[in-house]
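Novice: Numbering of the sequence shown is given in our numbering, commencing with residue 6 and proceeding in unit increments.
C-beta atoms are modelled at their ideal positions from N, C-alpha and C, and glycine is treated no differently.
Submitted below is the structure of interest, expressed as structure tokens.
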Amino acid sequence: MKHPFLILLIHALVVSCSSSNDEGTVAAQEGHEIVEPSDGEGTEMENPVVFDTSDLENLPMDNGGSHVAHLKGSTIAAYGYYVYTPSDYSIDGPEYPLILFLHGWGARGDSRSDPSELERVLAAGPPHLIDTNNWNPSYPCIVVSPQLTVDYWNVDQVHLFIGYLINTYKINTKRIYLTGLSLGGGGTWFYVGNKGKESYAAAIVPICGSGYPTLLENLSSTPVWAFHGASDPVVAAFTENGSVPMVAAINELNPIVKAKVTIYPGVGHDSWTRTYNGTGMGTASATYDAFEMSIYDWMFQYKKE
6 MKHPFLILLI
16 HALVVSCSSS
26 NDEGTVAAQE
36 GHEIVEPSDG
46 EGTEMENPVV
56 FDTSDLENLP
66 MDNGGSHVAH
76 LKGSTIAAYG
86 YYVYTPSDYS
96 IDGPEYPLIL
106 FLHGWGARGD
116 SRSDPSELER
126 VLAAGPPHLI
136 DTNNWNPSYP
146 CIVVSPQLTV
156 DYWNVDQVHL
166 FIGYLINTYK
176 INTKRIYLTG
186 LSLGGGGTWF
196 YVGNKGKESY
206 AAAIVPICGS
216 GYPTLLENLS
226 STPVWAFHGA
236 SDPVVAAFTE
246 NGSVPMVAAI
256 NELNPIVKAK
266 VTIYPGVGHD
276 SWTRTYNGTG
286 MGTASATYDA
296 FEMSIYDWMF
306 QYKKE
């Protein structure tokens, strides 16, 4: 049976976007840790949380790490992928947060048959920032960018892949974050929306992707910050389960953490560049949630219990 994501998005995404299953899963953590402000006045905040970085403060400073390509078939993972590890990363060292980036339609490829195909995932998002020496989040983290050879992100395969990463790298399983653009934005919605409490994600940032109504209950249990261009001609922001109706529907369910959506006036499908590199801060519509902090700092606020 085909995944509903393929049915909903493939007709739109074919015109856009930049560019063996492993059994090593680990039991999923459930719930999210939300830390109340110490002054007792947090109940009036839009999202009643403060930064909880106690497990991040002692991580070694990242002075420029290693970005390594693993071709499809070179590991037991279902995907070929790039992995970034911070400068002081060691298999015997501390555990790091993980950011998993799901690319868009144009970055698909099969590095098993052509190794250069994997370079397509470097065209956008965190792997692009890393590749161009513009990666500087507030805290060091592992970044993994898998590559699709097919037409959509299969949620079970993504889940197994995260399990493989947990078994292979020193990952803080309380701090696993998903983000993606277009096809990958939809994959981000669908991963948490289908996996629910089994999901590894502590928070997600879907960009210019669409979801589906059956995903809403599970999505209400995970912090969400969606981004979209108001003039997107490929994946509509305001209709067809785009970012605006998805976030509104999640908030109708009274989630513990209010879902956010940021809209860029006059921007088309590429709403991801300004979101990932932060240049979109201060340019978003005042009608929706402001873009006033790095998406990476926003993600680091949340962790699984």
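Specify, as a first and last residue, the run of the beta strand (DSSP E) that A231 falls within.
Specialist: Here residue 231 corresponds to residue number 226 of the sequence shown, with the count starting at 1. Where A231 is concerned, the enclosing beta strand (DSSP E) stretches over W230 to G234.
Novice: I181 and Y205: beta carbons closer than 8 Å?
Specialist: Start at 1 with the first residue of the sequence shown, and residue 181 comes out as number 176. Start at 1 with the first residue of the sequence shown, and residue 205 comes out as number 200. Yes, the Cβ-Cβ distance between I181 and Y205 is below 8 Å.
Novice: Would you identify the three-state DSSP class for Q162, choosing helix, strand or coil?
Specialist: Residue mapping note: residue 162 aligns to position 157 of the sequence shown, counting from 1. Helix.
Novice: Using the beta-carbon count (16 or more within 10 Å), is D237 buried or exposed?
Specialist: For the purposes of this step, residue 237 is identified with residue 232 of the sequence shown, where counting begins at 1. Its Cβ being crowded by 16 or more others within 10 Å, D237 is buried.
Novice: Is DSSP giving E46 helix, strand or coil here?
Specialist: As a position in the sequence shown, residue 46 is number 41, starting the count at 1. Any reading at E46 needs caution, since the residue's pLDDT is 34, under 50, leaving its predicted position unreliable; the model's value is listed next. In this structure, E46 counts as coil in the three-state DSSP scheme.
Novice: Can you tell me whether DSSP reads R180 as helix, strand or coil?
Specialist: One-based indexing of the sequence shown puts residue 180 at position 175. If DSSP states are grouped into helix, strand and coil, R180 belongs with the strands.
Novice: Any idea which residues DSSP pairs G85 with across the strands?
Specialist: On the sequence shown, position 80 is the one that residue 85 refers to. DSSP, once it has assigned bridges, lists Q152 as partnering G85.
Novice: Following a CB-centred definition, is V160 positioned closer than 7 Å to any heavy atom of the ligand COA?
Specialist: Absence of the ligand COA from the depicted structure is noted, as is the absence of any ligand whatsoever, leaving it without description.
Novice: With which residues is T90 paired in a DSSP beta bridge?
Specialist: Here the question's residue 90 lines up with position 85 in the sequence shown. Answer by DSSP bridge pairing, in chain order: S71.
Novice: Can you tell me whether DSSP reads A112 as helix, strand or coil?
Specialist: Against the sequence shown, residue 112 aligns to sequence position 107. DSSP places A112 in helix when its eight states are reduced to three.
Novice: What's the call for V20, buried or exposed, on a 16-neighbour Cβ count within 10 Å?
Specialist: By 1-based counting over the sequence shown, the position of residue 20 is 15. Note that V20 scores 33 on pLDDT, short of 50, meaning its location in the model is unreliable; the coordinates nonetheless yield the value given after this. It counts as exposed.
Novice: Relative to the C-alpha of L153, which candidate in G271, T178, H108 and S187 has its C-alpha closest?
Specialist: Here residue 153 corresponds to residue number 148 of the sequence shown, with the count starting at 1. For L153, the nearest C-alpha among the options comes from H108.
Novice: Compare the Cα-Cα distances from D67 to each of A207, T280, S79 and W140 and report the closest residue.
Specialist: What you label residue 67 is simply residue 62 of the sequence shown in a count that begins at 1. Comparing Cα positions, the closest option is W140.
Novice: Closest by CA to T227, which one among L170, L258 and A242?
Specialist: As a position in the sequence shown, residue 227 is number 222, starting the count at 1. T227 has its Cα closest to that of L258, out of L170, L258 and A242.
Novice: Which residues in the same chain have their Cβ closer than 7 Å to the Cβ of H72, if we skip the five residues on either side of it in sequence?
Specialist: Start at 1 with the first residue of the sequence shown, and residue 72 comes out as number 67. For H72, where only same-chain residues beyond five positions count, the Cβ hits under 7 Å are Y87, Y89, I135 and D136.
Novice: Between which two residues does the alpha helix (DSSP H) containing V252 stretch?
Specialist: Working through the sequence shown from its first residue, we reach residue 252 at position 247. Per DSSP, V252 belongs to the alpha helix (DSSP H) from S248 to E257.
Novice: What does the alpha-carbon distance come out to for the pair L224 and V197?
Specialist: Residue 224 sits at position 219 when you count from the first residue of the sequence shown. Residue 197 sits at position 192 when you count from the first residue of the sequence shown. Rounded to the nearest angstrom, the two C-alpha atoms are 6 Å apart.
Novice: Within the chosen definition, does the segment 230-248 reach the segment 211-222 through at least 3 CB pairs nearer than 8 Å?
Specialist: The segment 230-248 vs the segment 211-222: in contact.
Novice: Under 8 Å by Cβ, that's how I've got A82 and Y169 pegged, so tell me the actual separation to the nearest angstrom.
Specialist: What you label residue 82 is simply residue 77 of the sequence shown in a count that begins at 1. What you label residue 169 is simply residue 164 of the sequence shown in a count that begins at 1. Their Cβ separation, rounded to whole angstroms, is 5 Å, which keeps A82 and Y169 in contact under 8 Å.
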